[in-house]
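*Asks:* Sharing a structure with you now.
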């Protein structure tokens, strides 16, 4: 959820205490859904969580450049509140970097220049995905909370945009049923579409267009929902499902009147 913009006058150093957002840069989780730049992505992790692979949590933020020209950007990771025993890396084209200190910035050197993002895309001039990929390894022995901030930074050091990553780590939890499914019918849809969820209760379903605009947002308590899409424009949409204790996921929906 996007926060209010801060005054540009106040953005003078990495000691800023609030995230920033700027028109022309879009950040999307896994490359789909709404633009969450300037906002927070939150997740709850626990011992045995499916989001932890070998003790490591990895999240994918695709960065789109809509500034009107190609832009060369770095990434700065700032620890807002992070346990000393946690370990993290920052992946940003062309590779992943082992971080250090409370503030870490990806390189821009002759041998490892910062990537240039092609205008209107989330692709670099080297045909790589402009993907900001934090890798976090929580301390498995202690319940704790962490908040990281990731700035998109120009090569001159100007803070262009940001996204926060909030992680709540607990030692034990009774996992929810992990066998989940989402059925959309018909697809393509004309006037009405039925959303059917299996293995999920008390979920929130959102439908967003390709520009990230939320065109539908409702709770589903009984596993099914009939949605009137007769006023939706023809095109591609994404159905996003969010529920406590599981990783949000999405499916493509086509509207064709």
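In my numbering, the protein residues as written are 119 to 375.
Even for Gly, the Cβ is constructed at its ideal location relative to N, Cα and C.
Keep in mind the model is a prediction, meaning the values are calculated, not measured.
(1) May I ask you to report which of helix, strand or coil DSSP gives residue 260?
(2) Applying the 10 Å Cβ sphere with the 16-neighbour rule, what's the burial state of residue 294?
(3) When the Cα atoms are used, what is the spatial distance from residue 192 to residue 183?
(4) Does the Cβ-Cβ distance between residue 264 and residue 177 come in under 9 Å?
(5) Run through DSSP, which three-state label would residue 318 get?
(6) Can we say the segment 345–353 touches the segment 318–335, given the rule of at least three CB pairs closer than 8 Å?
(7) Would residue 195 pass as a contact of residue 267 if the rule is Cβ separation under 9 Å?
(8) Any idea what DSSP makes of residue 358, helix, strand or coil?
(9) In angstroms with no decimal places, state the Cα-to-Cα distance between residue 274 and residue 345.
(10) Could you check the C-alpha separation between residue 141 and residue 185 for me, to the nearest Å?
(11) In this structure, how does DSSP classify residue 369 when only helix, strand and coil are distinguished?
(12) Quick check on residue 321: buried or exposed, where buried means 16 or more other Cβ atoms within 10 Å of its Cβ?
(13) In terms of DSSP beta bridges, what is residue 180 paired with?
(14) Looking at the structure shown, is residue 353 part of a helix, part of a strand, or coil, going by DSSP?
(15) Given a cut-off of 9 Å, decide if residue 372 and residue 305 are closer than it, judged by their beta-carbon atoms.
*Replies:* Walking through what the data contain:
(1) coil
(2) Reliability fails at residue 294, whose pLDDT of 43 lies under 50, so the model's placement of it is uncertain and no value is given.
(3) 13 Å
(4) no
(5) coil
(6) yes
(7) yes
(8) strand
(9) 48 Å
(10) 8 Å
(11) strand
(12) buried
(13) 146 and 249
(14) strand
(15) yes
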